[in-house]
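Residue numbers (our numbering): 23 to 339.
Structure record follows, encoded as C-alpha cells.
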Amino acid sequence: MDLSLIIPVYNEEKNLPLLFEAIYSVMPPLLSQWEVVLVDDGSRDRSLEVLRGYAAQDVAHVRVVSFRRNFGQTAAIAAGIDHAVGETIILLDADLQNDPADIPMLLAKLDEGYDLVSGWRKDRKDNAIVRTFPSRIANWLISQVTGVHLHDYGCTLKAYRRDALAGFRLYGEMHRFIPVFAHSIGARIAEMPVHHHPRKFGKANYGLERTAKVVLDLLTVKFLLSYSSKPIYLFGGAGLILTFIGLVDLLYLFIRRFWNVPASTSPLLMVGVMFAIMGFQSILMGLIAELLARTYHESQAKPTYTVRETFNLDKKA
C-alpha cells in the first residue's frame, strides 16, 4: 500500500457524499495502491450508516473504524494510524474545509526529501474572533515554546512518512503537536499553503474553550520533550533555586541579629524555612522521577535515540 488517507468523522452525514466525490476525483489517477481509513468517532447522526454503504461498494479502498462512543479527534487520528497500512499517511478533515485536491501538492513536497509536510490555511474561512485570532495566538505560543515554527498547527491536512510517526503515542488533545513530536525524533518538516473552504453542512465542534486545553497540553509536551529522559534537570533546577532563595533569606535574618533585630518575630523566617523545605522536596522529587524514567526505558527496552537508516548492517534476529 502506497498511501493511506485518515479521516476522523463526527456527525458529518451530509458532507460524506461530497467528501467521497472529491477523494475519487483525486486518488485513482494519482496512485495505484491507496486506501482511505475513516474513523467514526461516535457520531449521533447517520454518518456510520453512510460509511458502511461506501465500504460495501468499494472493498478495495474504503476502511471504516467505528468507536463505541465519542473519544475525540486525537483518539480518532490515533486509531486511523494504527489501522492504516500505507507507507505515506495523509490526515484530512471530513467537513470539506480541507481540500482533497491539495493532496498531490503535499505528496510532491514530501518527495523533495521531507518527512512531514504541514498544511497552512493562509486564507482561512472561519470566524475571525472565535477561531482564527485565538488560533494565531496559539500557533505563535507553540512555536516559541517548542522551537518548531509553523504558521498553522491546527490544520489537520498534513502528509507524513510512516516512520515520522514512530516512537510516540497520541492521547488527550495531542494531535496538533504531531509535528513537534516528529521533530523531536529528527523528522524534516516543511509547511505550505493549502486551500480552505467555508463549512457547507453542520457546525464546528470547537470554540474558545479549546484555547485553555492547548495551553495545558503545551506544558505537557514541553515537559515530555525536554525533561522526560532527565527530569532531575527540571525538579532539581527548581529545587536549587528555591533552596537558594530560602538560604539567602535566612542568611539575611542572621546578619540582622548583629543589630539586635530579632528573627523570630519576622515573617521572613517562615518564608525562608518554607522555601528551603520546598527546594529540598523538589530535589527529592527529581530523584524519584529519575528512577521512574530509568524504569520506563529499561523495563520496556525503550531506546533513547532514533535511527533514520543503516548501511551494511544485518537485522538482528
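Glycine residues also receive a C-beta, built at the ideal position from the N, C-alpha and C atoms.
Boundaries (first-last residue) of the alpha helix (DSSP H) holding residue i
{"i": "Y255", "result": "254 to 278"}
{"i": "P284", "result": "Run containing P284: none; DSSP gives neither H nor E here."}
{"i": "R74", "result": "69 to 79"}
{"i": "Y46", "result": "38 to 52"}
{"i": "V61", "result": "Not the alpha helix (DSSP H): V61 falls in the beta strand (DSSP E), residues 56 to 62."}
{"i": "A204", "result": "200 to 206"}
{"i": "L113", "result": "No alpha helix (DSSP H) holds L113; the beta strand (DSSP E) holding it covers 110 to 113."}
{"i": "K131", "result": "125 to 132"}
Nonlocal neighbours in the same chain, by C-beta distance under 7 Å from residue i, ignoring five residues either side
{"i": "D271", "result": "L290, V293, G294, F297"}
{"i": "A339", "result": "Residue confidence is low: A339 scores 43 on pLDDT, short of 50, so the model does not pin down where it sits. Its coordinate-derived value is still stated next. Closer than 7 Å at Cβ, skipping near neighbours: no residue."}
{"i": "N334", "result": "With a pLDDT of 49 at N334, under the threshold of 50, the modelled position of this residue cannot be trusted, and the question is left open."}
{"i": "S157", "result": "G176"}
{"i": "Y249", "result": "Y255, L256"}
{"i": "V167", "result": "L240, K244"}
For residue j and residue i, the rounded distance between their alpha carbons
{"i": "M127", "j": "I200", "result": "20 Å"}
{"i": "I211", "j": "I159", "result": "21 Å"}
{"i": "P284", "j": "K252", "result": "42 Å"}
{"i": "F276", "j": "S304", "result": "25 Å"}
{"i": "F257", "j": "G308", "result": "5 Å"}
{"i": "W281", "j": "G268", "result": "21 Å"}
{"i": "L129", "j": "A181", "result": "7 Å"}
{"i": "L179", "j": "A260", "result": "39 Å"}
{"i": "D137", "j": "Y193", "result": "22 Å"}
{"i": "N161", "j": "D174", "result": "6 Å"}
{"i": "S69", "j": "N149", "result": "25 Å"}
{"i": "S301", "j": "L264", "result": "A quick correction: the sequence has Gly, not Ser, at residue 301. Cα to Cα, the separation comes out at about 5 Å."}
{"i": "F155", "j": "T233", "result": "11 Å"}
Counted within 10 angstroms of its Cβ, other Cβ atoms place residue i as buried (16 or more) or exposed
{"i": "L273", "result": "exposed"}
{"i": "V216", "result": "buried"}
{"i": "E213", "result": "buried"}
{"i": "I299", "result": "exposed"}
{"i": "G141", "result": "buried"}
{"i": "S286", "result": "exposed"}
{"i": "A209", "result": "buried"}
{"i": "F266", "result": "exposed"}
Residue i - containing beta strand (DSSP E), residue span
{"i": "P215", "result": "211 to 215"}
{"i": "S88", "result": "84 to 88"}
{"i": "L163", "result": "Note, L163: premise wrong, no beta strand (DSSP E); alpha helix (DSSP H) at 155 to 168."}
{"i": "S26", "result": "25 to 31"}
{"i": "G94", "result": "Segment: none, G94 is in no beta strand (DSSP E) and carries neither H nor E."}
{"i": "S140", "result": "138 to 142"}
{"i": "Y182", "result": "180 to 183"}
Sequence-distant residues of its chain with Cβ nearer than 6 Å to residue i (five each side left out)
{"i": "V87", "result": "V61, A101, H105"}
Residues of its chain near residue i, where Cβ-Cβ distance is below 8 Å and the 5 sequence neighbours each way are ignored
{"i": "H83", "result": "M49, W56, E57, V58"}
{"i": "Y46", "result": "none"}
{"i": "K131", "result": "V139, A181, A212, M214"}
Beta-carbon proximity of residue i to residue j, cut-off 8 Å
{"i": "V202", "j": "V243", "result": "yes"}
{"i": "A98", "j": "D63", "result": "yes"}
{"i": "V236", "j": "H205", "result": "no"}
{"i": "I125", "j": "I112", "result": "yes"}
{"i": "C177", "j": "R221", "result": "no"}
{"i": "T96", "j": "H197", "result": "yes"}
{"i": "S26", "j": "V81", "result": "no"}
{"i": "L2", "j": "L118", "result": "Within the shown structure, residues of the chain are numbered from 23 to 339, placing residue 2 beyond reach of any answer."}
{"i": "A116", "j": "E43", "result": "no"}
{"i": "F223", "j": "N37", "result": "yes"}
{"i": "D133", "j": "E195", "result": "no"}
{"i": "T110", "j": "D185", "result": "no"}
heavy atom of the ligand GDP below 7 Å from residue i C-beta
{"i": "F245", "result": "As presented, the structure is devoid of all ligands, the ligand GDP included, so that no description of it is given."}
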